[in-house]
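Worksheet for the structure shown next.
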Amino acid sequence: MPVDLTDSKAIRSLIPARMDRLPWARFHWMVVVGLGISWILDGIEIQLVSASGFKQSLGMSSAEVGFAGTIYLIGQVVGALFFGRLTDRWGRKKLFIITLAIYLVGSGVAGFAWTPWFLYLWRFVAGLGIGGEYTAINSAIDELIPAKYRGRVDIAVNGTYWAGAMLGAIGSFYLLDHSLFAENVGWRIAFFIGPVLGLIIIFLRRHIPESPRWMVTHGQAREAETIVDGIEAGVRAQGVTLAPVDDSKAMYVKPEESVPFSKLVDVFFREYPSRTFLGITMMVTQSFLYNAIFFTYALVLQNFYHLNESQTALYFFPFAIGNLIGPLLLGPLFDTIGRRKMIFSTYVLAGLVLLVSAYLFKQGSLSANTHTLFWCVSFFFASAGASSAYLTVSEIFPLEVRGQAISYFFAVAQIVGSMGPLIFGYLVGDGTQRDPLFWGYVVGSVVMIFGGVVALIFGVDAEGKGLEDIADPLTKVSVTVEGALGPQALR
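Following the UniProt record's numbering, the numbering of the sequence shown begins with 1 at its first residue and continues without gaps.
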């Protein structure tokens with residue numbers, strides 16, 4: 001939209017360029033630690049429910065225990081959809097404080113459950129908080145981290161889910177040991193692991209500022225300028241000399257409080273239809289594969305390799321370690337080799353390794369150890385690919401709808417992905433027939449490979465680019481005449 005520079009509502013800002021030129025500094029570590037805790041908390045929550053230490057205390061059946069996990073996932077979907085729009089309207093900081101507080105309450109109160117319905121209620125509340133965290137945190141990280149580091153940071157942070165899962169597993173191992181803690185006590189303490197971490201982090205988050213990018217597009221340009229001045233001062237205090245910002249990178253915007261839903265539909269299906277297809281495909285394919293394998297690997301080890309529950313728990317750790325180190329080691333390559341090539345490679349390699357393991361499984365050539373090794377290798381690549389799905393969705397759409405884009409694609413992926421455990425659980429059966437599960441693995445492999453091919457064809461070369469270069473803000477305007485800027489204009 002062209003704009004006359006004498007329009008007092010037009011804001012000229014160099015804030016995006018100033019944020020992207022920053023070197024890595026203590027401020028960015030604070031962002032990563034303070035915001036990245038969300039995925040660790042989610043990993044803890046999933047593992048605690050999987051351990052099902054509350055089953056006997058609350059007199060629950062296996063189906064009821066399974067529903068405790070399902071209600072948490074439903075809460076995530078509802079939380080993402082509800083808080084995603086508020087993230088775009090109220091700002092990143094308000095929401096990453098509010099959603100963490102909701103999680104703290106939900107998970108903590110669940111530890112006092114005396115009956116299944118009470119547990120379900122507060123598991124749903126905890127899910128609401130974590131679902132909202134996904135939208136607010138991914139948005140904030142992308143907008144606060146310099147462009148040249150954005151890929152590796154986002155991917156590594158998303159991958160820390162598995163650090164949380166291992167922490168939850170270790171906590172459960174000791175807290176559910178009835179020789180150490182009473183049956184009705186240990187699992188309740190386990191539910192406080194996440195809230196204790198959250199209470200520590202919520203104080204750190206108070207020092208993380210609102211996204212200056214978001215503030216500029218919502219009429220808070222002067223406040224945003226003050227925040228960036230403070231960040232730059234902190235960097236200079238570390239002995240770093242900041243280069244001047246190229247004035248040609250100035251951006252003009254006319255702030256708006258919110259984006260109507262009709263505009264959101266227009267963005268997804270008229271302005272960026274190929275990106276919408278890309279985002280949905282990446283999110284759904286990784287979600288289906290992950291849920292299918294992760295929620296049934298224990299059944300496979302027990303029914304086909306005849307391990308008991310205690311032995312099966314030990315196999316979780318190498319599986320989780322492969323998932324954790326994949327994003328950490330491969331993440332930098334998404335910023336150097338590039339998004340499309342790396343997404344294609346990780347998705348396809350994950351699918352091919354799983355395909356090979358499926359064939360060997362059908363032939364009866366695998367043991368519990370070798371099958372787990374194949375899973376570790378496959379998900380070393382798949383974990384980086386899955387994390388890149390969140391990165392992709394959060395960076396390829398305009399700033400004003402970033403939170404909502406994450407929320408909608410996350411919700412679709414969770415709904416489709418939730419069918420994976422049901423389907424694969426049926427295919428595992430009683431462990432007497434390998435063919436059904438073999439074909440299930442083949443389908444999972446093909447689905448993942450398809451996601452990689454879609455990313456190669458429709459992917460966006462976002463590496464090293466500012467968010468505003470990848471997708472223009474909806475509030476961005478073009479200049480038609482030269483002249484003095486209005487009173488709200490900034491340097």
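Cβ coordinates follow ideal geometry from the N, Cα and C atoms, glycine included.
- With at least 16 other beta carbons inside 10 angstroms of its own, His371 counts as buried.
- Of the residues assessed, Thr336 falls on the exposed side of the cut-off, its CB having fewer than 16 other CB atoms within 10 angstroms.
- Burial check for Ala233: the Cβ neighbour count within 10 Å stays below 16, so the residue is exposed.
- Here the alpha carbons of Asp430 and Phe268 stand approximately 44 Å from one another.
- The Cβ atoms of Ile15 and Arg236 do not sit closer than 9 Å to each other.
- The beta carbons of Ser445 and Leu355 sit closer together than 9 Å.
- Each of Thr217, Thr87 and Ile189 was checked against the Cα of Val477, and the nearest Cα belongs to Thr217.
- According to the DSSP secondary-structure assignment, Lys9 is paired through a beta bridge with no residue.
- By a beta-carbon distance limit of 8 Å, Gly326 does not contact Gly164. Their separation comes to about 16 Å.
- Under the DSSP assignment, Tyr174 falls in the alpha helix (DSSP H) whose first and last residues are Tyr161 to Leu175.
- Using a 10 angstroms sphere on the CB of Pro23, the tally of other CB atoms stays under 16, which defines it as exposed.
- Counting C-beta pairs closer than 8 Å gives fewer than three between the segment 331 to 346 and the segment 399 to 407, which falls short of the contact rule.
- Secondary structure of Val460 (DSSP, three-state): coil.
- Scanning its chain for C-beta atoms nearer than 6 Å, with the 5 sequence neighbours on each side dropped, one finds around Ile189 the residues Leu175, in chain order.
- In this structure, the beta-carbon distance from Val31 to Ile208 falls below 9 Å.
- About 19 Å separates the beta carbon of Gly91 from that of Leu128, a gap too long to meet the 8 Å contact definition.
- Inclusion of Leu242 and Arg85 in the CB contact set at 9 Å is not warranted, their separation being larger than that value.
- Between the segment 372 to 389 and the segment 106 to 119 there are fewer than three C-beta pairs closer than 8 Å, too few to call the two in contact.
- Using a C-beta cut-off of 8 Å, the segment 306 to 320 makes no contact with the segment 273 to 280, since fewer than three inter-stretch Cβ pairs fall below that distance.
- Between Phe424 and Thr296, the C-beta gap is smaller than 9 Å, which places the two residues in contact.
- By the criterion of a C-beta distance shorter than 7 Å, Ile141 is surrounded in its chain by Val31, Leu35, Val153, Asp154 and Val157, once the five residues flanking it on both sides are discounted.
- Nearest to Thr226 by alpha-carbon distance, out of Gln238, Ala250, Val240 and Ser211, is Ser211.
- Beta-bridge pairing by DSSP links Met448 to no other residue.
- Between the alpha carbons of Leu119 and Leu333 lies a gap of roughly 42 Å.
- Around the CB of His28, 16 or more other CB atoms lie within 10 Å, so the residue is classed as buried.
- Looking at the DSSP output, Tyr252 shares a beta bridge with Arg12.
- Here the alpha carbons of Ala136 and Thr87 stand approximately 6 Å from one another.
- Assigned with DSSP and collapsed to three states, Lys476 falls in strand.
- Using a 10 angstroms sphere on the CB of Trp439, the tally of other CB atoms stays under 16, which defines it as exposed.
- Taken through DSSP and simplified to helix, strand or coil, Ser357 comes out as helix.
- At the C-beta level, Ala313 and Met448 stay beyond 9 Å of one another.
- A distance of 9 Å or more separates the beta carbons of Leu264 and Pro318.
- No Cβ-Cβ contact shorter than 9 Å links Val412 with Asn138.
- Collapsing the DSSP output to three states places Met60 in coil.
- When Ser61, Lys93, Trp117 and Ile200 are compared, the shortest CA-CA separation from Leu41 is found for Ile200.
- Secondary structure note for Tyr272: it is in no alpha helix (DSSP H), with a DSSP letter that is neither H nor E.
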